[in-house]
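Protein chains: 2
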Amino acid sequence: MQILKSSAAELAPEFGIMAGRWSQYSGLSAMPFGAMWCMIPPGGHSNTDCHPEAELVMVMQGTLHVQANGREEVAPAGTAVLLDSTEEHVLVNPSGQNPAVTLSIYWLPEDTSGPAPTATAGTER
Amino acid sequence: MQILKSSAAELAPEFGIMAGRWSQYSGLSAMPFGAMWCMIPPGGHSNTDCHPEAELVMVMQGTLHVQANGREEVAPAGTAVLLDSTEEHVLVNPSGQNPAVTLSIYWLPEDTSGPAPTATAGTER
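As you go down the protein sequences, you meet chains A and B in turn.
Per the working numbering, numbering through the first sequence is continuous, rising by one, with the last residue being 125.
Per the working numbering, numbering through the second sequence is continuous, rising by one, with the last residue being 1125.
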């Protein structure tokens, strides 16, 4: 069991916000996705981001406004936001006082033109 | 963009708690892990669980006590708890009043005896 908290993580400026990539944790077993903490300061917002990876943004603290696909959705703590591959998105923290924290995980969608994928791990649990 | 909230999910009794498997969501693109919401009622706890999948438990609401490996750790909302493959664990909600909600994702660790894995997706983002 490993306990991981954004408050104890090393964060660095990236994407216009503060990011804490999980590559900083030594000894984590391999995971089929990349992961990072994102801290959006009060009144702050990320740069517009767009990448080939699909991304699942879990709002762990505060409330975010997530802009994507011409829409803006309110995502309070406890919400998960799934962004498709190449979907442009911006994370906005509308609070004047409180930071917002997410855990974002991301993965390259499988190439569906090849043989059947083998990495549908865990779906039978 | 898809907004996913445990409060709008269908939950059913499983593992001694209430679970909301993400297989209920139609149209989600494939993900390299399984996912489910878990709601542990006030004063409740899960059954002892043990499975070959590694599991990342993200505490989305409330506070959990996570028992694993002979230890008990306090995991307030915002915490991520990584459990190894076959690590026995119990999720305890010590609150007398408030439910605790997690998002748990899980995957089968890759077989490291074969050729180099190709599913290190997203780590270069």
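Glycine included, C-beta positions come from ideal geometry on N, C-alpha and C.
Cβ neighbour criterion (16 or more within 10 Å) applied to residue i
i, result
"A:S29", "exposed"
"B:G1096", "exposed"
"B:P1032", "buried"
"B:Q1024", "exposed"
"A:V74", "exposed"
"B:A1008", "exposed"
"B:G1122", "In this predicted model, B:G1122 has a pLDDT of only 48, less than 50, meaning its place in the structure is not dependable; the value taken from the coordinates is given anyway. It counts as buried."
"A:A12", "exposed"
"A:G34", "buried"
"B:H1045", "buried"
Within 9 angstroms, strictly: CB atoms of residue i and residue j
i, j, result
"B:Y1106", "B:A1068", "no"
"B:V1101", "B:V1059", "yes"
"B:V1092", "B:E1072", "yes"
"B:R1021", "B:M1039", "no"
"A:P42", "A:P109", "no"
"B:A1080", "B:T1063", "no"
"B:S1006", "B:Q1061", "yes"
Closest by C-alpha distance to residue i, when choosing among the options
i, options, result
"A:E87", "A:S26, A:T48 and A:T79", "A:T48"
"B:G1027", "B:E1014, B:M1001 and B:S1104", "B:M1001"
"A:S85", "A:P94, A:G16, A:G70 and A:H51", "A:H51"
"A:L4", "B:L1103, B:S1104 and B:L1082", "B:L1082"
For residue i, the residue or residues it bridges with in DSSP
i, result
"B:Y1025", "BP columns for B:Y1025 are empty, so no partner."
"B:T1063", "B:P1076"
"B:Q1002", "A:L82"
"B:S1104", "B:M1036 and B:V1057"
"A:A19", "A:A12 and A:C38"
"A:H45", "A:V92"
"B:A1068", "B:R1071 and B:H1089"
Heavy atom of the ligand COA within 8 angstroms of residue i beta-carbon
i, result
"B:P1099", "With respect to small molecules bound, the structure shown includes none, and the ligand COA cannot be examined in it."
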